[in-house]
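First the structure, in the form of structure tokens, and then the observations on it.
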Amino acid sequence: ERRIARRRQRDVPAAVGAVGARAQQRACAERVYETVEVACIVHVEAATRAADALADRLGLAGAPLAAGGTPLRTLLQRIKAATLSDRIDEARRLVESATPEQRADPELRFRAAKVDAQAGRSADAESALRALLDDVGAERDPVLRARVFDALGVIALQRGDAVAAEKNHDEAISLLAAGRDAVQLGKAYGNRAAARLAQHEDEAALRDFARARAALADAGDALSLAFLDANLAAMDMLRDRYRDAWPIFERAALKLEALRIDYAALNDWDAAAQSHLLLLEPAAASRIEPRLRALAGRVADPALRIGAGLTRVEILAANGASAMARTLLSDLRNELARGDLPPALVARAQAIEARLLLADGDATGAMQAARNAFAMLTDTDDARVRERNWLTLVRAEIAGGGNAAKSVQLIGKLRDAAPAPAARIYAALAAAELDRSRGDDDAARAAFAAALADADANGRVPIDMLAAVDGFLRWLIRTGDLATASGVAERVMSWTGQSYEASLVPLRLYHAAGLASAWSAALANAQALAGERRVPAALAAPPR
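If you want it as structure tokens, here you go:
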């Protein structure tokens, strides 16, 4: 999920723009057809008649009808309409209602596989798509074959295989390069861009995004452009540019929600909310929480629905609604235990639970949850699930008597394998916490300073900066270096009026410095942001 290209580039490949006058007419008919279909989603027969009439006026041949039963074209559009609005059970019933002849039709087989994919049954979808590849050659139907490759690429990326995803999208683009379908070509470029982003090939991804935007804008496909914008916003997230990302996510989500494409709207609102949380803007994330709750109730894919639920847990916790956060997390954990869901989703739930337990003072429980998450979080995560869990694990092991030294050693190896800024920051903080617990002040100071320097160099991402400042500040106060502590604390002062965790920074500093008036104001601010959380007793007592 990805960075916005703010202007359409002029030097896009000729294959994208040169579709010819008749192909332009066909693209226009297809776009109007889709617009009518979405707008009249509960009147599919009327939408079909309108689209057919438009095709006739342009001199284009209509789609063939299957013999007997519901006409194939009508059935396909009903399935597409149900899928777009995430009425997956209805879409599946429509597939099952098809005649044997219709079930053999390649287009219906493709639609059925897409229904499975949207329902979270990726393995079934992939198997059906690969069988379809065997039956549909490039000579017979190159566009459908390209769509199958594109769908396989999306599934591959969802399971974390970006290399396989890119290869599938390459196949789709190659089949479409002759100008057979500009819209599908645009979608394939956009999907290949996402695969390249996952491999940190940013420049290549941006070129693909530009090609995708040119093709989709040329065809007038506003719906696909909304999806493309969301992918570009995800690129911002991967580059730690959350302040750029969230407005794009929200605009795309509003468009998709208006069209009742609930699964896509939920995904974008979720990303927007996570961006706000990483920016230490819990109130802004809280405004999104009701949308996540409502949309999740209408989405079929359990992974998407539970993922949004975990974001809701984090929103509730960040705003001090601790009891609701724990209840919701417990419900989601039970649901995760019952289903065959992605390990990364289970790991995210464990990592969130570990942070909540550690905040409650349950070091033993936090240590176990963080260890479980650590074992499953093998890939980097743009929401910093893995890296933040490193610090939670080491702090819990230090407090609960675990082998923190072994964990720090493992974390160091993971950092070296993927030396992203967040990995360096949280690995340094984990090492600093271990050095602090051992009484090695020189090593602790160097590690805390390194984490802070990396947080500064990486554009001062608020969640990272707060983690670096909080650990260093506590150590500086313990060693009595209040002059350095003041400079360190200054980095997060602009967020202390919006984040409870940030509000504790000046509270600690002023309490240690014995500044009674400043401490009193900082305490009032922290209490106003606390919700159900309790300010640490030592900081709530007047300074001496």
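Under our numbering, the first residue of the sequence shown is numbered 189, with each subsequent residue one higher.
Every residue gets a Cβ at the ideal spot worked out from N, C-alpha and C, and that includes glycine.
At which residues does the alpha helix (DSSP H) containing residue i begin and terminate?
{"i": "M512", "result": "S510 to R526"}
{"i": "M681", "result": "Segment: none, M681 is in no alpha helix (DSSP H) and carries neither H nor E."}
{"i": "Q462", "result": "D450 to L466"}
{"i": "G497", "result": "P490 to A506"}
{"i": "E541", "result": "P531 to A547"}
{"i": "L695", "result": "Y688 to A701"}
{"i": "P731", "result": "Premise fails: P731 is in no alpha helix (DSSP H) and is neither H nor E."}
{"i": "H388", "result": "Element bounds for H388: n/a, residue is neither H nor E."}
{"i": "P435", "result": "Y430 to A446"}
{"i": "V324", "result": "Per DSSP, V324 belongs to no alpha helix (DSSP H) and is neither H nor E."}
{"i": "T580", "result": "V573 to G588"}
{"i": "L345", "result": "P330 to Q346"}
{"i": "A560", "result": "Rather than Ala, the amino acid found at residue 560 in this sequence is Asn. Start and end: A551 to M564."}
{"i": "R281", "result": "I276 to E284"}
{"i": "R266", "result": "L260 to L272"}
{"i": "N356", "result": "A350 to L364"}
{"i": "V723", "result": "No alpha helix (DSSP H) holds V723; DSSP gives it neither H nor E."}
{"i": "V303", "result": "P294 to Q306"}
{"i": "E477", "result": "P470 to A484"}
{"i": "V596", "result": "A592 to A605"}
{"i": "R291", "result": "P288 to R291"}
In its own chain, which residues sit with a C-beta less than 7 angstroms from the C-beta of residue i, not counting the 5 before and 5 after it?
{"i": "V596", "result": "V582, A618, A619 and L622"}
{"i": "T684", "result": "A690, S691, V693, P694 and N713"}
{"i": "G497", "result": "A484, L516 and L520"}
{"i": "A725", "result": "none"}
{"i": "D652", "result": "A610, I613, A643 and N646"}
{"i": "A561", "result": "A535, Q538, A539, A542 and N577"}
{"i": "T223", "result": "Unreliable placement is indicated for T223, whose pLDDT of 43 sits below 50; the coordinate value is still reported in the next sentence. Closer than 7 angstroms at the Cβ level, and outside the excluded window around T223, lies no residue."}
{"i": "T271", "result": "A279, K302, V303 and Q306"}
{"i": "A656", "result": "I613, L617, A639, L640 and A643"}
{"i": "D312", "result": "D304"}
{"i": "R151", "result": "No statement about residue 151 is possible, as the shown extent of the chain runs from 189 to 732 and does not include it."}
Might you give, ordered along the chain, the residues of its own chain that have their beta carbon closer than 8 angstroms to the beta carbon of residue i, omitting 5 neighbours on each side?
{"i": "E477", "result": "A461, R500, I503 and L504"}
{"i": "V331", "result": "L363, L364, R368, D369 and Q372"}
{"i": "V723", "result": "L692, L695, L711, A714 and Q715"}
{"i": "A209", "result": "Because A209 carries a pLDDT of 38, less than 50, the predicted location of this residue cannot be relied on, and the following value inherits that uncertainty. Closer than 8 angstroms at the Cβ level, and outside the excluded window around A209, lies no residue."}
{"i": "V342", "result": "A305, A353 and N379"}
{"i": "R318", "result": "L340"}
Expressed to the nearest angstrom, what Euclidean distance is found between the alpha-carbon atoms of residue i and residue j?
{"i": "V553", "j": "I599", "result": "Checking the displayed sequence, the identity of residue 553 turns out to be Gly instead of Val. Approximately 20 angstroms between the Cα atoms of the pair."}
{"i": "R299", "j": "A606", "result": "38 angstroms"}
{"i": "R328", "j": "S285", "result": "26 angstroms"}
{"i": "A279", "j": "R266", "result": "8 angstroms"}
{"i": "G590", "j": "D548", "result": "18 angstroms"}
{"i": "P650", "j": "A471", "result": "15 angstroms"}
{"i": "P701", "j": "G627", "result": "Reading off the sequence, residue 701 comes out as Ala, not Pro. Looking at the two C-alpha atoms, the distance is approximately 23 angstroms."}
{"i": "A456", "j": "P435", "result": "Residue 456 is actually Asp in this sequence, not Ala. Their Cα atoms are separated by approximately 10 angstroms."}
{"i": "A525", "j": "R493", "result": "15 angstroms"}
{"i": "W707", "j": "L727", "result": "9 angstroms"}
{"i": "R439", "j": "L480", "result": "15 angstroms"}
{"i": "P730", "j": "A704", "result": "7 angstroms"}
{"i": "A382", "j": "H699", "result": "48 angstroms"}
{"i": "L345", "j": "V324", "result": "23 angstroms"}
{"i": "E720", "j": "R572", "result": "25 angstroms"}
{"i": "S674", "j": "L602", "result": "33 angstroms"}
{"i": "R732", "j": "L394", "result": "57 angstroms"}
{"i": "R559", "j": "L420", "result": "34 angstroms"}
{"i": "A452", "j": "L263", "result": "23 angstroms"}
{"i": "S682", "j": "D669", "result": "22 angstroms"}
{"i": "A513", "j": "L533", "result": "17 angstroms"}
{"i": "L296", "j": "A360", "result": "19 angstroms"}
{"i": "D277", "j": "R309", "result": "13 angstroms"}
{"i": "A355", "j": "E314", "result": "According to the sequence as given, residue 355 is Lys; it is not Ala. Taking the straight line from one Cα to the other gives about 15 angstroms."}
{"i": "R574", "j": "G527", "result": "22 angstroms"}
{"i": "L654", "j": "L565", "result": "23 angstroms"}
{"i": "K375", "j": "S510", "result": "42 angstroms"}
{"i": "D274", "j": "K594", "result": "46 angstroms"}
Below 6 angstroms CB to CB, which residues in the same chain sit around residue i once its five sequence neighbours on both sides are set aside?
{"i": "F660", "result": "F636, L640 and V676"}
{"i": "Y377", "result": "D396, R399 and A400"}
{"i": "A473", "result": "A461, H464, L465 and I503"}
{"i": "Y430", "result": "S463, L466 and L467"}
{"i": "L321", "result": "V336"}
{"i": "A718", "result": "G508 and Y688"}
{"i": "A584", "result": "L546, A551, A554, M555 and A558"}
{"i": "A488", "result": "D274, I276 and A307"}
If we define contact as Cβ-Cβ less than 8 angstroms, is residue i a contact residue for chain C?
{"i": "D658", "result": "Here there is only one protein chain, and chain C is not present."}
May I have a chain-ordered list of the alpha helix (DSSP H) segments no shorter than 4 residues that lie completely inside the segment 614-661? Runs of the alpha helix (DSSP H) inside the segment 614-661: 629-645.
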